[in-house]
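First to last, the protein sequences are chains Y and D.
Heads up: take any position in the first sequence, counting from 1, add 19, and you land on this note's numbering.
Heads up: take any position in the second sequence, counting from 1, add 976, and you land on this note's numbering.
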Amino acid sequence: MDELKKTETAAPAPETAPQAKPGAIPKKTAAKPAEEKEMLLVTASPHVKSPATVRGIMLDVIIALIPAGFAGIAVFGLMAAVTIAVCVCGCVVAEWIWCKAMKKPMTVGDLSAVVTGLLLAYNLPVGIPPWMCLIGCFVAIIVVKQFFGGIGKNFANPAITARIVLLVSFASAMTNFTAPKAADAVTSATPLAIIGSPADFAAAEALPKLTDMLLGLHAGCIGEVCSAALLLGAVYLLARRVISPVIPLCYVGTVAVFMLLASKFDFTYMLYEILAGGLLLGAFFMATDYTTSPINTLGKAVFGVGCGLLTAVIRLYGSLPEGVSYSILLMNIACPLIEKFTTPAYFGQIKEKRKKKEKGGAAA
Amino acid sequence: MSNLKPDAILRAVSRGRGGVHVPHRKLTAECETVRLPVPEQVVLPMQQHIGAPCVPTVKKGDHVLVGQVIGDSDKFLSVPIHASVSGDVTAVGDVKIANGKMVPAVTIKSDGLMETAEFTPPEVHSVEDLTKAIRASGLVGLGGAGFPSFVKLTLSPDKPIDTLVVNAAECEPYITVDYRECVENSQNIMDSIYTLVDLYKFKQVIIAVEDNKPEAIRILKEIADKDIDHGNTVRLMTLKSRYPQGAEKMMVLSATGRKVPEGKLPADVGCIVMNVASVAFVARYLKTGKPLISRTVTVSGDCIADPKNLRVPIGTSFRTLIDFCGGFTEPPVKILSGGPMMGLAVVDTDAPLLKSNNALLAFGKNSVYAKPASQCIRCGRCHAACPMGLIPTKIEDLALKRDAEALKAAGTMVCMECGSCAYSCPAGKPLVQYMRLAKEVIREANGK
Chain Y
20 MDELKKTETA
30 APAPETAPQA
40 KPGAIPKKTA
50 AKPAEEKEML
60 LVTASPHVKS
70 PATVRGIMLD
80 VIIALIPAGF
90 AGIAVFGLMA
100 AVTIAVCVCG
110 CVVAEWIWCK
120 AMKKPMTVGD
130 LSAVVTGLLL
140 AYNLPVGIPP
150 WMCLIGCFVA
160 IIVVKQFFGG
170 IGKNFANPAI
180 TARIVLLVSF
190 ASAMTNFTAP
200 KAADAVTSAT
210 PLAIIGSPAD
220 FAAAEALPKL
230 TDMLLGLHAG
240 CIGEVCSAAL
250 LLGAVYLLAR
260 RVISPVIPLC
270 YVGTVAVFML
280 LASKFDFTYM
290 LYEILAGGLL
300 LGAFFMATDY
310 TTSPINTLGK
320 AVFGVGCGLL
330 TAVIRLYGSL
340 PEGVSYSILL
350 MNIACPLIEK
360 FTTPAYFGQI
370 KEKRKKKEKG
380 GAAA
Chain D
977 MSNLKPDAIL
987 RAVSRGRGGV
997 HVPHRKLTAE
1007 CETVRLPVPE
1017 QVVLPMQQHI
1027 GAPCVPTVKK
1037 GDHVLVGQVI
1047 GDSDKFLSVP
1057 IHASVSGDVT
1067 AVGDVKIANG
1077 KMVPAVTIKS
1087 DGLMETAEFT
1097 PPEVHSVEDL
1107 TKAIRASGLV
1117 GLGGAGFPSF
1127 VKLTLSPDKP
1137 IDTLVVNAAE
1147 CEPYITVDYR
1157 ECVENSQNIM
1167 DSIYTLVDLY
1177 KFKQVIIAVE
1187 DNKPEAIRIL
1197 KEIADKDIDH
1207 GNTVRLMTLK
1217 SRYPQGAEKM
1227 MVLSATGRKV
1237 PEGKLPADVG
1247 CIVMNVASVA
1257 FVARYLKTGK
1267 PLISRTVTVS
1277 GDCIADPKNL
1287 RVPIGTSFRT
1297 LIDFCGGFTE
1307 PPVKILSGGP
1317 MMGLAVVDTD
1327 APLLKSNNAL
1337 LAFGKNSVYA
1347 KPASQCIRCG
1357 RCHAACPMGL
1367 IPTKIEDLAL
1377 KRDAEALKAA
1387 GTMVCMECGS
1397 CAYSCPAGKP
1407 LVQYMRLAKE
1417 VIREANGK
């Protein structure tokens, strides 16, 4: 302190003396009464930020996905838990390895890899071998997400793309659906496979009851069977304003209208089509993925309707029983195009035509 | 509130979009305005307004009186600057102001007497008289932007004005100067309004207040109800408390339903928007002839010992204000001139208070929270929050590509830097900074 006083009295401009060597006298400056001499933080406005974080958003999605996971485990047994665990760990480890190997900032903490892992697991049948799950994780995190620049840069939904890769690579394992524990059968067809086209619907045998469809007591992927749990999670996401209702409503609504028309207004058929397959999981949790869906509301509506049309067309006229994954993937790819054509006018924007008119008027 | 008839107050239809809910934190709302003792010295920068800087009209060693003109300019877009204390000019030269820039300024050492020059109330019979007088008073918009008020009040023949909007929204957190103005000087506000109505023949005058200030609404309502002589032109309007409700274009939209087109001013849609403190000043000036030499400032923030609303001579150093409010309770990390959404982080506290500074806020390390910036996840919250309907994340991309044409088409220039986008961004992106960069890219391209 004495030394400091000396320098202060000796220096012609005492205010600048402590700042000249800030590293040398950190304690002494702190002890001084004139706090102003410490450097102030200067940043661009705004100086307050909302509490929302990427991690918080991802945590909300994870919370919303938990009921469907438990329902899957309850319906299919502990093997479902193993598949979920393998997928989540696989995705997190893949992300960790990528960040380490590429010497990038560690992004495991944002929890987006956990969300991808959960969604991937929910889109797989129970009996799938763990090594196939790991291939899915690799495709989702490394190929689809990190090759294109990491979170926010991927053009397609990682979980959906990974599922499709697995589906075309291991068709039999991916369509070998275990029946619920309660049923006698070991393997079973999914409701969508049983339903078939509207014409076959009336004659369909062994179709689960509608209440079973809601509770998840039918064959299918781990996360998609229990519609009630999915809707619970969806309500949570909507209430927390993590997702906007536009995409899910347009998506499910379009499928519903299309199915009603196709079946000549058979409401039961329509309900089966909505509750079966991955429609609710896809509409609320995967089509709403921020990165691969349009930002503006009109774009979201177009995106949702597009997904709905594709799903309905694939289900009714395609050779595949299920079309949710493919339709979302196709619309993901169309997303930049949709955004380009649906960009909303900004405040006070003068339309191109009027601009030209005004210019023309001025010239005349 | 009980004696208020709800139907008597206009309720703004929520025509606007976007905006964010920011915690109000109006700590000083009930603190009556206190007059700061005469400071030892004042520093009066020659540019305290948007437009051409003034040229000093005094030199070192001159004795000046309170209210004496010490800087003026012959340019149109400029207003004179007056001495805010009496005393001797000790320096005419460059000083560092809050943003770190060096600007020419006049430094006056106070003699503590506050001897005033002779003030004569201006005689106002026409709009021209008024604008001339307002220019001479040195008035700039006291809400923060610092636009010379006489320019707003100058009529142009091709732009008929039918509406005056008195802006008392005060949507920035912490700041309470407009609220105190409404509570303490409501008579001045009304006197001004009547003078302006008589001169300009406005069809309507709308006083817009956010609904989180019931006391201000009650007081203004009482006075607005006495408005019989003026054909009931004055209305009170409550606005939803939603940042940035007080922004000029938002204000015009909420109050009248008119949209100001890009690149235009409220006058183009027949409106004049004035801050409530500026309006109150007009009446004071017309009564006394005393120019703009002091203003009200909120000194607040969580590391100010005793937050207050102060009446302060222009040019007083920030340090003097903070000392008067009991100093800091902990070492400050960030000091702002203005509100937390649009205010400026100051470099040091020796900087002088300008005409347009409505608040001085100090924050300790616990409340200065820097979100670590990560990659955009395209959640669209910035677009949803933007009152101008822009897509900030897209503009960021285009700015980094330096694509001036695409930036113009995306509407970059209508951005008012309100900060709603950066406030709501979960990835902690400094979006306002990118918007400024984008504007710079456009200016650069235009310059070529």
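All C-beta atoms, glycine included, are put in the ideal place defined by N, C-alpha and C.
query	result
Proximal chain Y residues relative to I1450/D, where beta-carbon distance stays under 8 angstroms	In the structure displayed, chain D extends from 977 to 1424; residue 1450/D sits before or after that span and is not available.
Cut-off 7 angstroms between Cβ atoms - residues of its own chain near I1057/D, not counting five sequence neighbours on either side	L1020, M1022, Q1024, C1030, I1046, G1047 and G1114
Beta-carbon proximity check, V158/Y vs T126/Y, cutoff 9 angstroms	no
Cross-strand partners of I1084/D (DSSP beta bridge)	V1018/D and V1065/D
Interface flag, Q1351/D vs chain Y, CB-CB below 9 angstroms	yes
Touch test, the region 1391-1409 of chain D against the region 1002-1021 of chain D, Cβ-Cβ under 8 angstroms, three pairs minimum	no
Nonlocal neighbours in the same chain, by C-beta distance under 6 angstroms from R1412/D, ignoring five residues either side	none
Neighbour flag for H1359/D against chain Y, beta carbons, 9 angstroms	yes
Where A1346/D falls: helix, strand or coil (DSSP)	coil
For Q960/D, three-class secondary structure by DSSP	Residue 960/D is absent from the model: chain D starts at 977 and stops at 1424.
E1238/D: contacting residues in chain Y (beta-carbon distance under 9 angstroms)	Y365, F366, G367, Q368 and I369
Distance between beta carbons of A353/Y and G325/Y, contact taken as under 8 angstroms	7 angstroms
Cα-Cα separation, T361/Y to L317/Y	6 angstroms
Local conformation of F1178/D per DSSP, three classes	coil
Beta-bridge pairing of K928/D - partner residues as DSSP gives them	Within the shown structure, residues of chain D are numbered from 977 to 1424, placing residue 928/D beyond reach of any answer.
Chain D within 9 angstroms of P65/Y, Cβ atoms only	yes
Where the region 1324-1340 of chain D meets chain Y: residues whose CB sits under 7 angstroms from a CB there	D1324 and T1325
Test item: CB-CB of N351/Y and A175/Y under 9 angstroms	yes
Paired residues, beta bridge with F360/Y - DSSP	Paired residues: none, contrary to the question.
C-beta atoms of G367/Y and K1202/D nearer than 9 angstroms	no
Cβ-based burial, P227/Y [other Cβ within 10 Å; buried from 16]	buried
Inter-stretch contact at 8 angstroms, needing at least 3 Cβ pairs: the region 1143-1162 of chain D / the region 1214-1234 of chain D	yes
Proximal residues of chain D, C-beta to C-beta of D79/Y below 7 angstroms	Ordered by position in chain D, no residue passes the 7 angstroms Cβ test against D79/Y, which lies about 11 angstroms from the chain.
Contacts around N1333/D, its chain only, beta-carbon distance under 7 angstroms, and the 5 residues preceding and following it disregarded	V1273, S1313 and G1314
Classification of P65/Y by the beta-carbon crowding that lies within 10 angstroms, buried from 16 upward	buried
Range of the contiguous alpha helix (DSSP H) that encloses M232/Y	L229 to L234
First through last residue of the beta strand (DSSP E) which encompasses L1374/D	Note, L1374/D: premise wrong, no beta strand (DSSP E); alpha helix (DSSP H) at P1368 to K1377.
Within chain D, the residues that N315/Y reaches when beta carbons sit closer than 7 angstroms	H1359
Contact set between G1277/D and chain Y, taken where Cβ atoms lie within less than 7 angstroms	In chain order: nothing, as chain Y lies at least about 10 angstroms away.
Selection of the region 142-176 of chain Y by Cβ proximity to chain D, strictly under 9 angstroms	G168, G169, I170, G171 and K172
Close Cβ partners of V1159/D (< 8 angstroms) along its chain, the five nearest in sequence each way excluded	E1191, A1192 and I1195
Three-state class that DSSP yields for P1032/D in the structure shown	strand
Enclosing alpha helix (DSSP H) for K1263/D [first to last residue]	V1252 to T1264
Cross-chain neighbours of P1283/D in chain Y, by beta carbon under 9 angstroms	In chain order: nothing, as chain Y lies at least about 17 angstroms away.
Beta carbon of T135/Y nearer than 9 angstroms to that of C110/Y	yes
Per DSSP, cross-strand counterpart(s) of R1354/D	Per DSSP, none; premise fails for R1354/D.
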